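Student: One structure follows; several queries about it will come next.
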């Protein structure tokens, strides 16, 4: 018995030792602590060339050639100017002089010659696949010679995945780049990175090449910045409330009333890049009938959803794209809005007449459909309201909730689903290709939309556009055609909210860029 | 005793084989695909197929299992598809945190459980007994997710004694340990109480009373000591719980650990990591069971003989 108890004591001592090991890292003095958006939790690496998920700290480490403002305009960061030939077959970029990476390497034309081919064979290869080669014009001018015109080039270059790493450091670290170290030319240097926990950044005191989106053109005002990863929104909120952190980079709408009630906290709302929508499986009855699809789409009361579920913040969605995209400005006759009378009339015309209990039926078969969604409070709430709105015009929808990975596998079965409530986050019209191209049926083309005219318009928009204006016009035509076919119902465009302690931080009134990224963080000051 | 231990160890081999196959297959049977989580908007169907081939996901399941098992025998759990690191190094980074939390929670639940159980047994059928057991039962039946948030609200937000979350100081470990530990208190307390009441009825206890020993001494030095035998057995069997018992708590308190690693990887269908984490949990349970058997055998020779 004694030896057994001794064994337990030894085990206990071992466990205490493990505890000590686990907490051995001392708490470090921090100048500011931000919490990354919950969707960023677990981003595995800062290997900007090979990563498929990057978190919100990435733009602080790496600069891009160009960056995009919230109005979709492009601004030079490592490039000072750019131009393309009328046929779209080459792009010339003038590069900023005097830029140094964190390890002292110089940034110049040879960096671009090294950098762009690195994407070949990676998961991000599609972003540079239209580039044939890079020609050096002089030490700070490069020409990208194209295989085919790509008017979307600037958007791709402004992507967070297109930050430029330091060549020597990248090659030396090999597969460890992004985890053991990450060297860029951004306003902060990487001190440490623990996946799923935190990234500690220290100021790059040499930084003097901010874009014109930042008021501060010198080094950041924050000396040391800890970016924490907290998956549970309630925990993140309580950390801000107790002063454990200074800023939450994303706040769910649910928390806004509580945050606004705190006198030391400030909530800022930015235009979003997400759209809630309801795809309809156009290959499964009853949604093979365009009248039923149109009826379901016109049954959705977007304003009611925005007002009651999202506190009136954001915007209703009347088509597939976010409002700031030019391709969203379709002919108003194609926009889809709430019109219950029209919905009822269309269902009558389609032969679905009102039966017992207000549920429509045709040849004795009730109009009962499956409505899928994924787990998450916002998804469930929106889906329940959509269910009630469909019911109001005589459609019974049975809700099934899946987790995010399972639902995609279910979509791939192609014939199991009918309606779904989904959301996407993307600020480019090529999202239409992603969700409606005939080559991606099941998932991501949940609508199973596949017709010759749509494919022709898609091809024209994706492959035959030579200039930006041409691309906008082509995508607008493609967008209008999909709207006319009611392959989906638009629902809502959420906003992005972030919150901070105004006792601790001074944040510029106007946030530039689509998200809180390096261009805005450069201007943030710590009050004490 | 040594030959008993060897026999028990050998019995684990077929168990391990079966468990490894179940672990490998179970995640593949769940709908979903890691490629969905790494593919970028804009990738062509051909690029997606290439990715699938790159990670060997286009091969028959049994072939994938054979490759995985062969590597496993060499101590290699493969590379994470999403997290892009060797699974062994991911586990090595997270294991100390799980051991710390689970181990300290086990110690907490043991000490509080034995104390509460002893108190309830000594004052059995009294108001104190009922109050202690009701409180413990209530504490252990509250969902740990909710209990964690409650702990944060009371001890971090209202009283400001401990940080809300994280793993950056020893103070950050207190609330998670209490939250996880409370779940185990009820079991230990109940076993202790029942065992003490049972022992108290034995003849040798009557003899101790007859000898004139104080009630406190009899209860603490003799009854409790003998009652610890079943408690020790129960605790041995709960070794696996050290690693697996804190999954949601790690999430609420934003702590690293095998639980958060498993949940994150499961959500992303990062097959190699899920398999690695489940294997670790399974091994912990197997070793815990082995330890429980050895403890029992050490205390009771009849157990040794039954396996002979």
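Protein chains in written order, with the working numbering: chain L, 355 to 882; chain A, 37 to 344.
C-beta: ideal position from N, C-alpha, C; glycine also.
The structure displayed is predicted, hence computed values, not measured ones.
1) Does any CB atom of chain L fall closer than 9 Å to the CB of residue 65 of chain A?
2) Grab the span of the alpha helix (DSSP H) containing residue 295 of chain A for me, first residue to last.
3) Going straight from the alpha carbon of residue 781 of chain L to that of residue 873 of chain L, what length do you get?
4) In the DSSP assignment, find the unbroken alpha helix (DSSP H) run with residue 812 of chain L in it and report its ends.
5) Give the straight-line distance between the Cα atoms of residue 613 of chain L and residue 552 of chain L, rounded to the nearest whole angstrom.
6) Check the Cβ-Cβ distances between residue 763 of chain L and every residue of chain A, and say whether any is below 9 Å.
7) Taking residue 631 of chain L as part of the beta strand (DSSP E), name the residues at either end of that continuous run.
8) Distance check for residue 550 of chain L and residue 409 of chain L, CA to CA, integer angstroms please.
9) Under 9 Å, do residue 671 of chain L and residue 844 of chain L count as touching if we go by C-beta distance?
10) According to DSSP, is residue 476 of chain L part of a helix, a strand, or is it coil?
11) Closest Cβ-Cβ distance between residue 287 of chain A and chain L: below 9 Å?
12) What residues in its chain sit with their C-beta under 7 Å from that of residue 877 of chain L, if we drop five residues either side in the sequence?
13) List, from N- to C-terminal side, the alpha helix (DSSP H) runs of 4 residues or more that fit wholly inside the region 120-173 of chain A.
14) Taking the alpha-carbon positions, what's the residue 686 of chain L to residue 648 of chain L distance?
15) Closer than 9 Å, CB to CB, is residue 43 of chain A near chain L or not?
16) Considering only their Cβ atoms, is the gap separating residue 386 of chain L from residue 579 of chain L smaller than 9 Å?
17) I need the straight-line Cα distance from residue 583 of chain L to residue 333 of chain A, nearest angstrom please.
18) May I ask you to verify whether the region 130-145 of chain A touches the region 231-242 of chain A, counting CB pairs closer than 8 Å and requiring at least 3?
19) Pull up the distance between the alpha-carbon of residue 259 of chain A and that of residue 323 of chain A, whole angstroms please.
20) Any C-beta of chain L within less than 8 Å: which residues of the region 66-78 of chain A qualify?
21) Does the CB of residue 479 of chain L have a neighbour CB from chain A at under 9 Å?
22) How far does the beta strand (DSSP E) with residue 228 of chain A in it extend, from its first residue to its last?
23) Which residues, taken in chain order from the region 286-314 of chain A, show a beta carbon closer than 8 Å to some beta carbon of chain L?
24) In the structure shown, what three-state DSSP assignment does residue 275 of chain A receive?
25) When burial is assigned at 16 or more other CB atoms within 10 Å of the CB, is residue 54 of chain A buried or exposed?
26) Quick one: complete alpha helix (DSSP H) runs, 4+ long, within the region 739-815 of chain L?
27) Looking at the structure shown, is residue 388 of chain L part of a helix, part of a strand, or coil, going by DSSP?
28) Counting only Cβ pairs nearer than 7 Å, list the residues of chain L close to residue 119 of chain A.
29) Are residue 275 of chain A and residue 225 of chain A close, meaning C-beta to C-beta below 9 Å?
30) Using a C-beta cutoff of 9 Å, does residue 724 of chain L count as contacting chain A?
31) Which residues does DSSP pair with residue 485 of chain L in a beta bridge?
32) Return the chain-ordered list of same chain residues with a C-beta closer than 8 Å to the C-beta of residue 562 of chain L, the five sequence neighbours on each side being excluded.
33) Count Cβ pairs between the region 481-492 of chain L and the region 463-473 of chain L that sit closer than 8 Å; are there 3 or more?
34) In terms of alpha-carbon separation, which member of L:444, L:646, L:494 lies closest to residue 772 of chain L?
35) To the nearest angstrom, how far is it from the Cα of residue 733 of chain L to the Cα of residue 664 of chain L?
36) Run through chain L and tell me which residues come within less than 8 Å of residue 4 of chain A, C-beta to C-beta.
Tutor: The structure says:
1) Cβ-Cβ to chain L under 9 Å: no for residue 65 of chain A.
2) 294-303
3) 18 Å
4) 806-817
5) 24 Å
6) Yes - at least one Cβ of chain A is within 9 Å of the one on residue 763 of chain L.
7) 628-633
8) 10 Å
9) yes
10) In the structure shown, residue 476 of chain L adopts coil according to DSSP, grouped into three states.
11) With 9 Å as the cut-off, residue 287 of chain A counts as an interface residue toward chain L.
12) Residues of the same chain with a CB within less than 7 Å of the CB of residue 877 of chain L, apart from the 5 flanking positions on each side, are 568, 569, 570, 862 in chain order.
13) Listed in chain order, the alpha helix (DSSP H) runs fully inside the region 120-173 of chain A are 123-158, counting runs of at least 4 residues.
14) 16 Å
15) no
16) Between residue 579 of chain L and residue 386 of chain L, the CB-CB gap stays under 9 Å.
17) 46 Å
18) Three or more Cβ pairs closer than 8 Å define a contact, and the region 130-145 of chain A falls short of that threshold against the region 231-242 of chain A.
19) 30 Å
20) 66, 67, 68, 69, 72, 73, 74, 75, 76, 77, 78
21) yes
22) Counting along the chain, residue 228 of chain A falls outside any beta strand (DSSP E), though it belongs to the alpha helix (DSSP H) covering 207-236.
23) Within the region 286-314 of chain A, the qualifying residues are 287, 288, 289, 290, 292, 296, 297, 300, 303, 304, 305.
24) helix
25) exposed
26) Here the runs fully enclosed are 758-765, 785-790.
27) Residue 388 of chain L falls in the strand class under three-state DSSP.
28) Within chain L, the C-beta atoms nearer than 7 Å to that of residue 119 of chain A come from 398, 549, in chain order.
29) Result no, Cβ atoms of residue 275 of chain A and residue 225 of chain A do not sit closer than 9 Å.
30) no
31) L:500
32) 452, 571, 572, 573
33) yes
34) For residue 772 of chain L, the nearest C-alpha among the options comes from L:646.
35) 12 Å
36) The structure shown has nothing for residue 4 of chain A, since chain A only spans 37 to 344.
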